[in-house]
Amino acid sequence: MTKILIVEDDPMVADLNSRLIQTMEGFSKPVIIGDANAALHYLANNSVDLILLDIYLPGMNGLELLSRIRELRYPVDVLVVSAARDSHSIQTALRAGAVDYLIKPFDFERLRHALLSYENRSRMMREHEKLTQKDLDVGILPKETVDPADNPNLPKGLDRYTLSQIIQCLNEIADPFTTEQLARRVGLSRVSVRKYLEYFCETRLLEKEASYGAVGRPVFLYRRRK
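This note's numbering puts the first residue of the sequence shown at 1, with every later residue one more than the last.
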């Protein structure tokens, strides 16, 4: 089983990525850590195959953590998952040996494909002492492409790209908030946004409460679950 450490200071993003990983065969339940120093302490005492690393972390940032990991020669691979999209950050991460770089918000199928590609490559390394060029071409650059419209892990009617957009907006909006407030920020209808909010409540990432005014229907308020 591939052991994964998620280093991400946003609990909602970390939990969603963890849930996706747990739907995939060959991966153990990820460990989630919210800052770089705690991650270094964990790596010093535990075996990890792959780190899902954010760059914007409190204290030491993700690029500094990646550099430190390489200095300490920990035998671990790193997949960067960050909102940092400047060429310097991307180039620095890749030069330090990141196996992939995903820019938030991203389609969840893109993360799934990155993890499957990583698992295929790792399995090839474990099973073959020597490799041919064909082995590398097939293992590192799989022939099969992923259809972003294929959506086996979300309820019908929900789209991964829209989900990623909403997650990004949730990171920017204060608790508590209404469906209308989030819809204005995302740029979608209240009906569309409500479906995603209900999904987040079902998966226990958000909680909902009714606010009753003097007249009319109650207004539902959403907040991140502690």
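By construction, the Cβ of each residue, glycine as well, lies at the ideal position given by its N, Cα and C atoms. Predicted model only: the values in this text are computed from it and were never measured.
Here Arg-194 has Thr-179 as same chain residues with Cβ atoms under 7 Å from its own Cβ, once five neighbours each way along the sequence are excluded. Secondary structure at Ala-39: helix, using DSSP grouped into helix, strand and coil.
Below 8 Å, enough C-beta pairs join the region 35-53 and the region 72-88 to call them touching: three or more. Annotated three-state conformation of Tyr-56 is coil, per DSSP. In this structure, the straight-line span from the alpha carbon of Gln-181 to that of Ile-167 is close to 14 Å. The C-beta separation of Ser-164 from Asp-107 comes to about 6 Å, placing the pair in contact by the 8 Å criterion.
Counting C-beta atoms within 10 angstroms of its own C-beta, Val-191 has fewer than 16 neighbours from the protein chains shown and is therefore classed as exposed. Taking all protein chains in view, the Cβ of Ser-87 is surrounded by fewer than 16 other Cβ atoms within 10 Å, so the residue is classified as exposed.
Nearest in C-alpha terms to Ala-36, of all of Leu-57, Tyr-101 and Ser-89, is Leu-57.
When the alpha-carbon of Ser-47 is set against those of Glu-202, Arg-19, Glu-8 and Pro-30, the nearest one is in Pro-30.
Following the DSSP letters along the chain, one finds Leu-79 inside the beta strand (DSSP E) bounded by residues 77-82. The continuous beta strand (DSSP E) containing Lys-208 extends over residues 206-211. Across the structure, Ser-117 and Arg-217 are spaced so that their CA atoms are roughly 49 Å apart. DSSP, read as helix, strand or coil, puts Thr-179 in helix.
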